[in-house]
Amino acid sequence: MTTATTIEAGGGAAPGAGTPHGEAPGTVVIDSVTKHYGDATAVDRLSLTIQPGEFISLLGPSGCGKTTTLRMIAGFEHPDAGDIRVSGRSVLGVPPYRRDVNTVFQAYALFPHMSVAENVAYGLQQKRTPKSEIRQRVVDALDLAQMRGFADRKPTQLSGGQQQRVALARALVNRPSVLLLDEPLGALDRQLREEMQLELKLLQSRLGITFVFVTHDQGEALSMSDRIAIMRSGRIEQLADADTVYARPASAYVAAFVGQQNFFRGTVVEGGAAVDSVHALVRGGAAELAVGEQGQAAVRPEFVEIAADAPDAAASGTSNTARGRLIGVSHLGETMQYLVQLGDDQSLIARRPSPEAPQLAVGDAVVCSWRAESVLLFPSDDAASAGGYVAPPTA
């Protein structure tokens, strides 16, 4: 995204100026926040500090508390305990329109009878902003969203991606220090969603505004975020950058949610876990499990080799092998995916780059193998569907 327009966020206050906690504009602090709905706990003593200009994603399945957390920052829900500060000031009891935030929802909620420019200007008009200032700020916001040429159109004359840009412009025109995005790309098709992911990240980098992005799509979170907060039952299971949550997940729950995993149960032995169901020795992982304990090993499909014959372990560097029968082959574009039945209750996914993928047919006897360093080890009672491959939830 290229434009000559800039929008200053939060009125340009000096970092920490006039704030009781000395926190810079754009800082969001969630301090031991709890939210109940009747007997259900949606958010459970959640604490999180979001830095100015950071792009952070709240990632998790439906019911994990991510949207409730966002709505409490926005002011649409109120915590039962704890505090929320935006730009150094507590927002408890402050109505949404008086907070230094704006929200973009999955349902863009544009006024169908108003033009694009009128939709963007609406919030400023409600604040009785001078007309000359409204005109310039609307132009600036539409330039940022690459929608200036559509200013006179009605929302019904726009595509889904264009409507999403208008919703962004309407939020940015208020010059918030924090922009909250509640699954804003969920209504778009895959190609447009991927394009908008790039544009959102470029826009956030250009403006330097704090973005808090809620999604259940781990691909979105991995591609855009500076940090990802993976949520589970109203708490943060892991908070880290994309590389860390993918390569070094803190738990089997995170490992299963971010990408796909093959899970195997076994008894921990010296240096690893013996997986009885496939008669393979799985080594590696950082879990501090004692010898004799039950554990579960995880290996990602892209780390699994598959062939008609067993590889030379010394030459390939693999120390784990499992024999099975191929029960499914899928072409995923850049990769080929193989589903292998290893036993009565054990299956495994392997993925190979298409140019290197072996020519195998359903029904073939195959051998799967993987390196020791590709394996993670977790306690057996950690939350993951051990005993087979696990796909990330989609809702």
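The opening position of the sequence shown corresponds to residue 8 in this note's numbering, with each subsequent residue numbered one higher. C-beta: ideal position from N, C-alpha, C; glycine also.
Minimum C-alpha distance to residue i - residue among the options
i      : options                           : result
Gln204 : Arg358, Val275 and Asp224         : Asp224
Gly60  : Glu30, Thr75, Leu66 and Asp51     : Glu30
Val180 : Phe385, Arg272, Lys161 and Val108 : Val108
Lys42  : Pro86, Leu199 and Gly273          : Pro86
Ala49  : Leu66, Thr56, Ser64 and Lys73     : Lys73
Val276 : Gly370, Val111 and Val298         : Val298
Asp189 : Val98, Pro308, Gly67 and Arg105   : Gly67
Leu209 : Val101, Leu349, Gly266 and Leu151 : Leu151
Arg182 : Glu140, Phe157 and Arg155         : Glu140
Pro362 : Arg200, Pro137 and Gly340         : Gly340
Ile57  : Glu84, Phe83 and Ser94            : Ser94
Phe112 : Gly130, Leu175, Arg332 and His338 : Leu175
Leu296 : Val311, Leu383, Ile313 and Gly215 : Leu383
Asn269 : Ala249, Phe310, Leu165 and Asp250 : Phe310
Ser184 : Arg106, Leu333, Leu55 and Thr136  : Arg106
Gly331 : Ala257, Ser232, Glu201 and Asp371 : Asp371
Thr110 : Leu165, Leu55, Ser258 and Val219  : Val219
Ser166 : Thr136, Pro137 and Leu199         : Leu199
Where residue i sits in the DSSP three-state scheme
i      : result
Met154 : coil
Glu190 : coil
Ile243 : strand
Leu384 : strand
Ser39  : strand
Arg342 : It is worth fixing the name first, because residue 342 is Thr in this sequence and not Arg. Thr342 falls in the strand class under three-state DSSP.
Gly302 : strand
Asp389 : coil
Ile141 : helix
Pro360 : strand
Phe118 : coil
Ala124 : helix
Gln403 : Nothing can be reported for residue 403: it is not among the residues displayed for the chain, which extend from 8 to 402.
Arg197 : helix
Ala254 : helix
Ala366 : A small fix is needed here, since residue 366 is Gln in this sequence, not Ala. Coil.
Ala7   : The structure shown does not extend to residue 7, since the chain spans only 8 to 402, so no value can be given for it.
Ala174 : helix
Thr274 : strand
Ala315 : coil
Val111 : strand
Leu66  : strand
Thr74  : helix
Inter-residue Cα distance where the pair is residue i and residue j
i      : j      : result
Trp377 : Leu149 : 51 Å
Arg234 : Leu186 : 16 Å
Gly70  : Thr76  : 11 Å
Thr342 : Lys134 : 53 Å
Ala262 : Pro32  : 34 Å
Arg142 : Gln132 : 11 Å
Ala321 : Asn327 : Annotation note: pLDDT 45 at Ala321 (below 50); position unreliable, coordinate value reported separately. Approximately 12 Å, taken between the alpha carbons.
Ala254 : Asp352 : 27 Å
Leu260 : Ala114 : One point to set straight first is that residue 260 is Tyr, not Leu, in the sequence displayed. When rounded, the distance between both Cα atoms is 30 Å.
Arg177 : Ser381 : 46 Å
Ala128 : Thr163 : 18 Å
Arg239 : Leu53  : 11 Å
Ile63  : Thr217 : 8 Å
Ala206 : Ala47  : First, the amino acid is wrong: residue 206 is Glu here, not Ala. Between Glu206 and Ala47, the C-alpha separation is close to 37 Å.
Ser354 : Leu346 : 7 Å
Gly350 : Glu227 : 35 Å
Pro386 : Glu312 : 25 Å
His338 : Glu300 : 39 Å
Gly156 : Asn126 : 15 Å
Ala329 : Leu214 : 51 Å
Arg78  : Glu84  : 5 Å
Thr274 : Gly45  : 42 Å
CB of residue i within 8 Å of CB of residue j, strictly
i      : j      : result
Arg242 : Asp388 : no
Ala315 : Val373 : yes
Leu65  : Val221 : yes
Gln344 : Ile356 : yes
Val336 : Val306 : no
Pro103 : Ala124 : no
Arg358 : Pro308 : yes
Ala236 : Leu229 : no
Ser212 : Asp159 : no
Residue-level contact to chain C via CB, residue i, 8 Å cutoff
i      : result
Val275 : Of the protein chains in the structure, only one exists, and it is not chain C.
Proximity test, residue i beta-carbon vs the ligand FAD heavy atom, cut-off 7 Å
i     : result
Ser97 : For the structure depicted, the ligand FAD is absent and the ligand set is empty, with no information on it obtainable.
Item to complete: Decide if the segment 29-49 is in contact with the segment 86-102; the criterion is three or more beta carbon pairs, one per stretch, under 8 Å apart.
Response: Taking 8 Å as the limit for Cβ pairs, the verdict is that the segment 86-102 does touch the segment 29-49.
Item to complete: Indicate whether the contact test is met: 3 or more Cβ pairs, each with one atom in the segment 146-160 and one in the segment 112-120, closer than 8 Å.
Response: In this structure the segment 146-160 does not lie against the segment 112-120, because fewer than three pairs of beta carbons, one per stretch, are closer than 8 Å.
Worksheet item: Are at least three pairs of beta-carbons, each pair with one atom in the segment 191-201 and one in the segment 158-172, less than 8 Å apart?
Response: Contact between the segment 191-201 and the segment 158-172 is present, because at least three Cβ pairs lie under 8 Å.
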